[in-house]
């Protein structure tokens with residue numbers, strides 16, 4: 007049985023699981039006409055009258071093969087002497103973003119990206135109905151080293167704990183709010199928009215910024231200008247259009263001027279507020295946390311020294327390069 011084990015010296019959770027056997031599929035299981043090669047679809051956007059688990063879809067969600075987390079398992083928490091263990095009950099889903107095998111976020115039309123964005127809250131809302139799911143990560147990798155190119159998809163990972171990085175982020179936001187009674191991210195936005203030097207793009211709904219202390223040279227955040235802790239509650243028709251255009255513009259800029267590097271994109275949104283373990287969990291989260299998207303180009307090239315990231319490019323210079331590379335509307 008796979009296990010989540012907690013390292014008591016660092017507070018980190020580690021997933022222990024045997025290595026999976028490689029898939030024997032020679033054809034892409036995510037292309038139209040190959041729907042029989044995946045598990046039955048969980049959700050899909052398709053024309054009225056189109057048959058489930060068949061061609062005709064524009065965005066399709068299927069269980070991840072050899073999933074890390076499985077919804078059909080019973081949640082088990084155990085003490086193993088002084089150690090803590092939880093079985094990996096949750097969900098691992100793939101959001102197949104396009105019927106076209108060679109699409110990327112740089113080649114997809116903004117309207118197609120918009121459909122993907124709408125699928126994210128659909129899955130978040132559905133999974134958060136399960137009180138045993140504590141946190142959900144929506145992420146996307148492009149050109150991961152050692153992984154062959156594949157059909158474009160995002161990954162939705164729902165787990166019975168809070169991701170370590172999310173927990174640290176929530177703690178920093180909560181402590182800032184407790185001291186100043188203001189949202190950390192709203193304050194960051196005010197300062198960045200006022201200073202302008204790290205702002206790449208500004209719209210009525212979003213700011214695209216290179217953060218003050220980026221981990222890698224091209225790290226970029228897309229932050230909504232209106233406060234809200236959860237993506238699924240905040241997304242509206244006009245913001246979805248705006249966000250899709252910004253994502254399209256950013257990835258086209260990366261492809262046009264920076265050689266289309268690999269990247270990791272993650273949606274940072276509030277955990278499942280229905281799932282409370284300790285009294286006071288999420289007491290001020292609607293005021294102290296602010297959803298956003300973080301993009302780390304070539305995260306595998308991040309340089310660290312004793313846990314400290316070393317970035318040899320000033321973020322102000324990166325922001326200027328991205329502004330110059332941004333495609334015209």
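Residue numbers (the working numbering): 7 to 335.
A virtual CB, placed ideally from N, CA and C, is assigned to each residue, including glycine.
Three-state class that DSSP yields for residue i in the structure shown
i, result
"residue 317", "coil"
"residue 204", "coil"
"residue 276", "coil"
"residue 220", "coil"
"residue 244", "helix"
"residue 7", "coil"
"residue 239", "helix"
"residue 164", "strand"
"residue 303", "strand"
C-alpha gap between residue i and residue j, whole angstroms
i, j, result
"residue 222", "residue 296", "22 Å"
"residue 323", "residue 252", "20 Å"
"residue 33", "residue 40", "8 Å"
"residue 56", "residue 243", "25 Å"
"residue 317", "residue 309", "7 Å"
"residue 75", "residue 121", "25 Å"
"residue 7", "residue 305", "31 Å"
"residue 239", "residue 276", "10 Å"
"residue 245", "residue 313", "36 Å"
"residue 230", "residue 202", "16 Å"
"residue 23", "residue 9", "7 Å"
"residue 88", "residue 285", "23 Å"
"residue 197", "residue 37", "45 Å"
"residue 293", "residue 281", "18 Å"
"residue 91", "residue 181", "28 Å"
"residue 210", "residue 331", "21 Å"
"residue 27", "residue 153", "15 Å"
"residue 137", "residue 173", "18 Å"
Cβ separation of residue i and residue j, assumed to be a contact under 8 Å, to the nearest whole Å
i, j, result
"residue 102", "residue 65", "7 Å"
"residue 273", "residue 126", "7 Å"
"residue 112", "residue 265", "Residue 112 to residue 265, Cβ: 12 Å. No contact."
"residue 160", "residue 177", "With 8 Å as the limit, residue 160 and residue 177 do not qualify as a contact, their Cβ atoms being about 26 Å apart."
"residue 132", "residue 168", "The pair is not a contact, with the Cβ atoms about 19 Å apart (cut-off 8 Å)."
"residue 325", "residue 216", "4 Å"
"residue 70", "residue 100", "5 Å"
"residue 158", "residue 104", "5 Å"
"residue 250", "residue 48", "In fact, because the Cβ distance is near 22 Å, the residues do not count as touching under 8 Å."
Any non-hydrogen atom of the ligand ATP closer than 7 Å to residue i Cβ
i, result
"residue 206", "For the ligand ATP, the structure offers nothing, since it holds no ligand at all."
Residue-level contact to chain C via CB, residue i, 8 Å cutoff
i, result
"residue 322", "The structure shown has no chain C; it contains just one protein chain."
Sheet register partners of residue i (DSSP bridge)
i, result
"residue 1", "Absent from the structure is residue 1, since the part of the chain shown begins at 7 and ends at 335."
"residue 230", "212"
"residue 311", "314"
"residue 332", "None, per the DSSP bridge assignment."
"residue 12", "19"
"residue 298", "274"
Give the list of continuous alpha helix (DSSP H) stretches no shorter than 4 residues that lie fully inside the stretch 78–162. DSSP runs (the alpha helix (DSSP H)) wholly in the stretch 78–162: 116–133.
Run through the stretch 34–80 for me and flag every whole beta strand (DSSP E) of 3 or more residues, listed as ranges in chain order. For the stretch 34–80, whole beta strand (DSSP E) runs of length 3 or above, ordered along the chain, are 49–51, 65–69.
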